[in-house]
Amino acid sequence: DAKTTQPPSMDCAEGRAANLPCNHSTISGNEYVYWYRQIHSQGPQYIIHGLKNNETNEMASLIITEDRKSSTLILPHATLRDTAVYYCIVFMNRDDKIIFGKGTRLHILP
Amino acid sequence: GAVVSQHPSWVICKSGTSVKIECRSLDFQATTMFWYRQFPKQSLMLMATSNEGSKATYEQGVEKDKFLINHASLTLSTLTVTSAHPEDSSFYICSAKRPYRGHSDGYTFGSGTRLTVV
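Chains A and B, in that order, give the protein sequences.
Be aware that the first sequence starts at 1, since it is given in the numbering used here, and climbs by one per residue.
Be aware that the second sequence starts at 111, since it is given in the numbering used here, and climbs by one per residue.
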């Protein structure tokens with residue numbers, strides 16, 4: 001079973017920041033938080049990952065709470081092309097297979 | 111970056127026939143590949159883990175005789191849906207795991223194969 005809980009859907013206005021929450025209260029000390037997204041009828045695309053520090057790359061920022069029980073993915077300036085299902089996943093990269101939860105369907109509104 | 115190619119991108123077959131889907135890692139060697147199935151408006155469901163040179167490990171409830179997986183080389187894994195039926199119609203996605211590189215984007219996904227059984 002997936003170890004994360006996400007809202008089933010969210011709306012965000014184009015040009016605004018999209019903040020996608022994720023709860024992972026049972027995360028263990030050596031598990032990372034990964035975010036992937038899936039645009040309709042395509043394979044999942046890696047976005048970002050982190051352990052306990054906040055992370056930023058060209059696509060997004062990841063904010064992880066100090067107790068690591070939740071995190072937020074931030075898309076700073078959402079565009080229509082960011083419309084997708086976003087999956088928050090926790091696992092140990094070295095060994096684990098990726099188990100997907102239901103994700104959050106993000107709608108970007110023009 | 112790492113690229114995983116999946117072929118075909120879509121296929122239509124008659125009920126009772128078999129269909130083979132290929133998953134290739136183009137610029138890296140993948141000792142482990144994963145196969146997922148996705149029904150409309152649902153999440154990806156892991157079907158099996160494919161290890162190069164050994165038998166695949168199937169998830170509970172997945173029929174190994176129906177979904178044949180072969181991982182004969184470090185760059186190719188195949189999924190064969192045998193005696194396909196309309197209920198096997200789905201979106202099949204593979205994922206390849208690069209050799210351990212620390213915690214980075216070590217999993218790369220193919221673009222998926224849309225299978226329709228008529």
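Ideal Cβ placement from N, Cα and C applies to all residues, glycine included.
Going straight from the alpha carbon of residue i to that of residue j, what length do you get?
i              : j              : result
residue 19(A)  : residue 47(A)  : 14 Å
residue 174(B) : residue 53(A)  : 41 Å
residue 124(B) : residue 197(B) : 12 Å
residue 127(B) : residue 225(B) : 12 Å
residue 105(A) : residue 163(B) : 38 Å
residue 155(B) : residue 13(A)  : 31 Å
residue 181(B) : residue 168(B) : 14 Å
residue 130(A) : residue 219(B) : Since the first residue shown for chain A is 1 and the last is 110, residue 130(A) is missing from the structure and cannot be characterised.
residue 186(B) : residue 80(A)  : 35 Å
residue 178(B) : residue 190(B) : 5 Å
residue 107(A) : residue 45(A)  : 17 Å
residue 51(A)  : residue 122(B) : 43 Å
Using CA coordinates, which residue listed in the options is at the minimum distance from residue i?
i              : options                        : result
residue 16(A)  : 77(A), 42(A), 92(A), 100(A)    : 77(A)
residue 144(B) : 122(B), 116(B), 195(B)         : 116(B)
residue 137(B) : 206(B), 178(B), 147(B)         : 206(B)
residue 192(B) : 168(B), 176(B), 181(B)         : 176(B)
residue 171(B) : 183(B), 194(B), 157(B)         : 157(B)
residue 69(A)  : 8(A), 36(A), 96(A), 90(A)      : 90(A)
residue 40(A)  : 58(A), 50(A), 110(A), 86(A)    : 86(A)
residue 112(B) : 135(B), 120(B), 119(B)         : 135(B)
residue 65(A)  : 8(A), 92(A), 32(A)             : 32(A)
residue 141(B) : 217(B), 147(B), 119(B), 203(B) : 217(B)
residue 130(B) : 150(B), 151(B), 202(B)         : 202(B)
residue 75(A)  : 59(A), 10(A), 37(A), 5(A)      : 59(A)
Can you tell me which of the three DSSP states residue i falls into?
i              : result
residue 55(A)  : strand
residue 110(A) : coil
residue 11(A)  : strand
residue 20(A)  : strand
residue 224(B) : strand
residue 91(A)  : strand
residue 208(B) : coil
residue 130(B) : strand
residue 138(B) : coil
residue 27(A)  : coil
residue 98(A)  : coil
residue 148(B) : strand
residue 125(B) : coil
residue 6(A)   : coil
Consider the Cβ of residue i: report whether some Cβ of chain E lies at a distance smaller than 7 Å.
i            : result
residue 3(A) : You won't find chain E in this structure, because its protein chains are A and B.
Using a Cβ-Cβ cutoff of 9 Å, what residues of the stretch 35–46 of chain A are near chain B? List them in chain order. 36, 38, 41, 42, 43, 44, 45, 46
Name, going along the chain, the residues of the stretch 157–172 of chain B whose beta-carbon falls closer than 7 Å to a beta-carbon of chain A. 159
Quick one, which residues of the stretch 121–155 of chain B are near chain A if we go by CB-CB under 7 Å, in chain order? 144, 153, 154
Hey, which unbroken runs of the alpha helix (DSSP H) at 4 residues or more fall wholly within the stretch 152–204 of chain B? none
Complete alpha helix (DSSP H) runs within the stretch 36–85 of chain A (minimum length 4 residues, chain order): none
Give the residues from the stretch 185–207 of chain B that approach chain A closer than 9 Å (Cβ to any Cβ), ordered along the chain. 201, 203, 204, 205, 207
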